[in-house]
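To keep things clear, I will list the structure first and then write my remarks on it.
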Amino acid sequence: MQVAGVLAGGGRGAAVLSVNGGPPQAYAIGDKLTRSARLVGIDAQALIVEHGGREVRLPLPTQAGDDGEGIKRVP
Numbered sequence: 340m341q342v343a344g345v346l347a348g349g350g351r352g353a354a355v356l357s358v359n360g361g362p363p364q365a366y367a368i369g370d371k372l373t374r375s376a377r378l379v380g381i382d383a384q385a386l387i388v389e390h391g392g393r394e395v396r397l398p399l400p401t402q403a404g405d406d407g408e409g410i411k412r413v414p
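For the sequence shown, the working numbering assigns the number 340 to the initial residue and increments by one for each residue that follows.
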């Protein structure tokens, strides 16, 4: 799985992911990624995926800005 981008906030979120080498697609929290995996959350450091009945944290790639922060808040 490759993360192309994320949007999180207010208890909702979405991620743009390439799953199993496929083209990037947008997935909302709650969407199935594969037959056995579902996106269940996004926080500042990771995607949270339920896989095989347990939660797995997948670290987000960092893209450092001027201040070294990987995620920027926007108004």
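A virtual CB, placed ideally from N, CA and C, is assigned to each residue, including glycine.
- The DSSP assignment places complete beta strand (DSSP E) segments of no fewer than 3 residues inside the stretch 342 to 410 at 351 to 357, 364 to 367, 371 to 373, 376 to 381, 385 to 390 and 393 to 398, in order along the chain.
- Shown here for A367: same chain residues with a beta carbon closer than 6 Å to its own, the five before and five after excluded, namely A353 in chain order.
- 8 Å or more divides the Cβ of R377 from the Cβ of E394.
- The Cβ atoms of L372 and A385 do not sit closer than 8 Å to each other.
- The shortest CA-to-CA distance from V342 to any of G361, G348 and G369 is the one to G361.
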